Amino acid sequence: MPTPETFVVAVIDDDPGVVRLLSAIVQRGGDHVLEAGSVAAGERLLREYPWDIAIIDRKLPDGDGIDLCRMATRGLSDTHRYVTILSGMQDHEEVMRGFEAGADEYLGKPIDPAEFAARLRAIRRAVWTQNQLLLRLAQLEQLSVIDGLTQVYNRRFFDTEIRRLFELSIRHQRSLALLMLDLDLFKDVNDTHGHRVGDQVLVEISTLIAQEIRSSDILARYGGEEFAVLLQESEAGAACALAERLRAVIEQTALETPAGPLHLTVSVGVAAIPSIAIDSSARLVESADRALYRAKTEGRNRVAVDRSARTSSTNSQPRAASS
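Residues are numbered in the numbering used here as their position in the sequence shown, beginning at 1, plus a constant of 37.
Shown next, in the form of structure tokens:
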């Protein structure tokens, strides 16, 4: 199996002869070497420098390499790092202590150079294979929460986050607002220009929204031509102001599509907590949906708030734009 990467190998041993031997074998394989001769120096090295493989002697001047192994393997999740312990203590109990501390391999001394070189090649293959698997899993996780067309979050991620943020906001008595945005007469775009143009419109709209919101806000494609924006630490008045800004930006922007520039409008429903009428994340969504429905029925291209779920923290009214 190919392993095109160059690995970083940490050699931690207080015997200069062993260090020279292991370093020569590592470098002969094309990898980089980091060297340390004590537990303290090894701990600094493993914390401060990126590494892939660590070779740790048991008997170090200031302690047991077992402790260093335990530190090195604690909390590893986003990458695979391989730890080999070297020791003259090779009875069953000591070997088991090494594995229990997180070691992947326990080798005895004295070292056979040919055997160690072969083992290092096998270790490199194992590390490369595991890192490729972790990379693929990360890519799949990314795909599971990102909308494939617009590259904003998808409905699945939104449903999870709104529950989490609602509970967090209630627990810490913080405000949370939700905007539901729906493109007006989007079906006409698809019917007139085709779905390719419709898809490009959705991409352009998601980009416009993303440019106007904060990095802490969460933008998701809720479904079809509908988008949702979760606003942390945002009361109804501030949420309405943002909704109006988004409405105006979309109305004023010529969207670049394969059919040429198009002008569209959007209707926005706003809901927020604290509110005596909203006691769950599902009711927050229902409230924003009711507001969006009102914006649509009152003429589109406007911002509305659900009248039945006004927050106690603001008396602000949403601004309405003419259809």
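Using N, Cα and C, we set each Cβ at its ideal position, and we do this for glycine too. This structure is a prediction, so every number in the text was calculated from the model and none was measured.
What whole-angstrom Cβ distance do Ile122 and Leu58 have, given they're in contact under 8 Å?
Locating residue 122 in the sequence shown gives position 85, counting from the first residue. Locating residue 58 in the sequence shown gives position 21, counting from the first residue. In fact, because the Cβ distance is near 17 Å, the residues do not count as touching under 8 Å.
If we ignore side chains and look at the alpha-carbon of each, how far apart do Val234 and Leu222 end up?
As a first step, residue 234 must be located in the sequence shown, where it is residue number 197. As a first step, residue 222 must be located in the sequence shown, where it is residue number 185. Looking at the two C-alpha atoms, the distance is approximately 14 Å.
For the putative contact between Asp89 and Tyr119, defined by C-beta atoms under 8 Å, what is the C-beta separation to the nearest angstrom?
In the sequence shown, residue 89 corresponds to position 52, counting from 1. In the sequence shown, residue 119 corresponds to position 82, counting from 1. Confirmed, Cβ separation roughly 7 Å.
Using a Cβ-Cβ cutoff of less than 7 Å, which residues in the same chain neighbour Asp101 once the five nearest sequence positions on both sides are dropped?
Within the sequence shown, the letter at position 64 stands for residue 101. Counting only Cβ-Cβ distances below 7 Å, and skipping sequence neighbours, we find Arg95.
DSSP bridge partner residues for Ile255 (one or two, in chain order):
Here residue 255 corresponds to residue number 218 of the sequence shown, with the count starting at 1. BP columns for Ile255 point to Leu267.
Please report how far the alpha carbon of Ala257 lies from the alpha carbon of Ala314, in whole angstroms.
Taking the sequence shown and counting its residues from 1, one reaches residue 257 at position 220. Taking the sequence shown and counting its residues from 1, one reaches residue 314 at position 277. In a straight line, the C-alpha of Ala257 is about 24 Å away from that of Ala314.
How about Val340 and Leu301: do their beta carbons lie closer than 8 Å?
Looking up residue 340 in the sequence shown gives position 303. Looking up residue 301 in the sequence shown gives position 264. Going by C-beta atoms, Val340 is not nearer than 8 Å to Leu301.
Who pairs with Ser324 in a beta bridge, going by DSSP?
To locate residue 324, count along the sequence shown from 1; it is residue 287. Looking at the DSSP assignment, Ser324 forms no beta bridge with any residue, so it has no partner.
Quick check for students: name the residue ranges of the alpha helix (DSSP H) that lie wholly in the segment 140 to 204, counting only runs of 4 or more.
Segments of the alpha helix (DSSP H) lying fully in the segment 140 to 204: 150 to 182.
Once the 5 residues before and after Lys333 are set aside, which same chain residues still bring their CB inside 6 Å of it?
Along the sequence shown, read from residue 1 onward, the residue named residue 333 stands at position 296. If you ignore the 5 residues before and after Lys333, its C-beta comes within less than 6 Å of the C-beta of Ser304, all in its own chain and listed in chain order.
Give every residue of the same chain whose Cβ lies closer than 7 Å to the Cβ of Arg107, excluding the five residues on either side of it in the sequence, and list them in chain order.
One-based indexing of the sequence shown puts residue 107 at position 70. Cβ-Cβ distances below 7 Å link Arg107 to Ala138, Gly139 in the same chain, with the five nearest sequence neighbours on each side left out; the list follows chain order.
Using 8 Å as the threshold, is the C-beta distance between Ser243 and Val182 below it?
The residue you call residue 243 lines up with position 206 of the sequence shown. The residue you call residue 182 lines up with position 145 of the sequence shown. No. Outside cutoff.
Consult DSSP for Tyr119 and reduce its assignment to one of helix, strand or coil.
Residue mapping note: residue 119 aligns to position 82 of the sequence shown, counting from 1. In this structure, Tyr119 counts as strand in the three-state DSSP scheme.
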